[in-house]
Amino acid sequence: MNKIKSLLHSYEQYIAIPWRDDAAPAQRVIFCIYNENNERVLRVKIEEFDIATTQAGHDWALFDLTNTFAVWLGSQKYAVKYFEQPNLLNALYPNYLRYLAGEFRSFLLGHSADSNTVVAVEGVASLFGILKVKDVVDAFAPLVKGRLLVFFPGSFDNNNYRLLDGYDGWNYLAVPITADKEF
Numbered sequence: 006m007n008k009i010k011s012l013l014h015s016y017e018q019y020i021a022i023p024w025r026d027d028a029a030p031a032q033r034v035i036f037c038i039y040n041e042n043n044e045r046v047l048r049v050k051i052e053e054f055d056i057a058t059t060q061a062g063h064d065w066a067l068f069d070l071t072n073t074f075a076v077w078l079g080s081q082k083y084a085v086k087y088f089e090q091p092n093l094l095n096a097l098y099p100n101y102l103r104y105l106a107g108e109f110r111s112f113l114l115g116h117s118a119d120s121n122t123v124v125a126v127e128g129v130a131s132l133f134g135i136l137k138v139k140d141v142v143d144a145f146a147p148l149v150k151g152r153l154l155v156f157f158p159g160s161f162d163n164n165n166y167r168l169l170d171g172y173d174g175w176n177y178l179a180v181p182i183t184a185d186k187e188f
């Protein structure tokens, strides 16, 4: 069985477990962790995660971060200047995070996401070098009434998450689902 198929199997086992109604936002976050080399394979298989979720009796909504930075940057008044001098962007990254939170809030309203919905987020690799996934998850988690599922290309070891196996890891108390972890 390939790694993404194994990840899907682990997810199916986990998502079928009854949900606690009293879980705090940070306790409702799930990370599906996979090797970054499998990004394209995972994207092809996303629909199977949707099917597994609905078969477990939950609703599904998929939010894609992939193009959000380009859309946001292109809408900036001085976008051309930022392309010419990218070092000027560092001061704007908090605005990008606020933009993401606003887009995510609108997405949730448009999809009528409730306490029975798994809200999946793909495209987090596009945040590398711009924002920390932890900051985005911290902004998104309180907005989700059901479960927040983050497709995470990287690694997980001793509660330490590393996006794209980069040097900048962090400790986060989400539920980690990996290809080799059975529930």
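Per this note's numbering, the very first residue in the sequence shown carries number 6; after that it's consecutive.
Ideal Cβ placement from N, Cα and C applies to all residues, glycine included.
Taking a C-beta distance under 8 angstroms as the contact criterion, V123 and L154 qualify as a contact pair. The beta-carbon distance between W65 and A125, rounded to whole angstroms, is 7 angstroms. This is short enough to meet the 8 angstroms contact definition. With a contact defined as Cβ atoms closer than 8 angstroms, A184 and S80 miss out at about 38 angstroms. I35 is bridged by DSSP to L154, V180. When DSSP reads this structure, T59 sits in no beta bridge, so it has no partner.
DSSP, reduced to helix, strand and coil, places D143 within a helical segment of the structure shown.
From the listed residues L169, Y87, A75, D26, the smallest Cα separation to N121 is found for D26. The continuous stretches of beta strand (DSSP E) do not include L148, and DSSP gives it neither H nor E. F68 is bridged by DSSP to V126.
Distance between K150 and D119, taken at the CA atoms: about 6 angstroms. Sequence-distant partners of L70 (beyond 5 residues in either direction) whose C-beta falls short of 8 angstroms from its own C-beta, in its chain, are L105, V126, E127, G128, V129, S131, L132, V141.
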